[in-house]
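> So the sequence lines, in the order shown, correspond to chains A and B. Residue numbering for the first sequence follows the numbering used here, beginning at 1 and increasing consecutively. Residue numbering for the second sequence follows the numbering used here, beginning at 1 and increasing consecutively. By construction, the Cβ of each residue, glycine as well, lies at the ideal position given by its N, Cα and C atoms. The structure is given below, and queries will be raised subsequently.
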Amino acid sequence: EAGVAQSPRYKIIEKRQSVAFWCNPISGHATLYWYQQILGQGPKLLIQFQNNGVVDDSQLPKDRFSAERLKGVDSTLKIQPAKLEDSAVYLCASSLNREETQYFGPGTRLLVL
Amino acid sequence: AQKVTQAQTEISVVEKEDVTLDCVYETRDTTYYLFWYKQPPSGELVFLIRRNSFDEQNEISGRYSWNFQKSTSSFNFTITASQVVDSAVYFCALSRSGGGADGLTFGKGTHLIIQP
């Protein structure tokens, strides 16, 4: 069974530019999560989807971050405009449903210069 | 509010030694779940174990074992006869639900270095 796929694996941009990350969850997983992991810290939840609906986006900086999961499968996380403090690894995770274990992708490492 | 503390930032041991990673948590919920994840250099978080608050039995899986003690709010992880491949960052996490439906609250992680 294929795991959670993410792309790109690495991205370098300058501040004020825009960037987008893509996630393809494990087949059949209804719940999808985006986390931000700053160097030296544990991951922090940004947003959670159940199918194509947002369940929790309370920690998403909505002035610059947006995410969608239009068809209830793939998801895209966007930052516009990026700031230096957005440099982090962005992890996508999925689970069969909200009561089941989350499985993580390899992450996208973002560096904002 | 939930909180997870992993006081050990980095541990370095020689291969074949036993090592214990500490995890202390805070929560006001009576029902909660505890997790351990491994993050190797590749960056992917690998699920190791999930435990609910009603099950205080210790668990052993090969060289891995977990000690859950509600009285001290701890969920420690021991690797017996460590191997170089065990080198990684290990995260303890807490959630109100089995799947972390409200999001997992992670500790800052313990970087484990196993020297040959």
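1. Restricting to Cα atoms, I'd like to know which of A:D63, A:G3, A:T108, A:G107 is closest to G28 (chain A).
2. Apart from the five residues just before and just after I11 (chain B), which ones in its own chain have a Cβ nearer than 8 Å to its Cβ?
3. Can you give me the Cβ contacts of R109 (chain A) inside the same chain, cut-off strictly under 6 Å, excluding the 5 residues immediately before and after it?
4. Would you identify the three-state DSSP class for T5 (chain B), choosing helix, strand or coil?
5. Listed in chain order, which residues of the region 44 to 76 of chain B have Cβ atoms closer than 7 Å to some Cβ of chain A?
6. DSSP state of D29 (chain B), grouped into three classes?
7. Assign P43 (chain A) to buried or exposed, taking buried as 16 or more other Cβ atoms, counted over all protein chains shown, within 10 Å of its Cβ.
8. For a contact defined as C-beta to C-beta under 9 Å, what are the partners of K108 (chain B) on chain A?
9. Please name the residue or residues paired with D18 (chain B) in a DSSP beta bridge.
10. Residues of the region 95 to 108 of chain A with a CB closer than 7 Å to any CB of chain B: list them in chain order, please.
Checking against the coordinates, here is how it stands:
1. For the purposes of this step, residue 28 (chain A) is taken as residue 28 along the first sequence, with counting starting at 1. That would be A:G3, whose Cα lies nearest to the Cα of G28 (chain A).
2. In the second sequence, residue 11 (chain B) corresponds to position 11, counting from 1. These residues qualify, in order along the chain: V19, L21, T110, H111, L112, I113.
3. In the first sequence, the residue the question calls residue 109 (chain A) occupies position 109. Contacts found: Y10, V89.
4. Here residue 5 (chain B) corresponds to residue number 5 of the second sequence, with the count starting at 1. Strand.
5. Cβ contacts with chain A come from E44, L45, F47, R50.
6. On the second sequence, position 29 is the one that residue 29 (chain B) refers to. In this structure, D29 (chain B) counts as coil in the three-state DSSP scheme.
7. Position 43 of the first sequence, counted from the first residue, corresponds to residue 43 (chain A). By the 10 Å Cβ count, P43 (chain A) comes out buried.
8. Numbered from its first residue, the second sequence carries residue 108 (chain B) at position 108. G40, Q41, G42, listed in chain order.
9. Translated into the one-based positions of the second sequence, residue 18 (chain B) becomes position 18. According to DSSP, which records beta bridges pairwise, D18 (chain B) is partnered with nothing at all.
10. S95, N97, R98, E99, E100, T101, Q102, Y103, F104, G105, P106, G107
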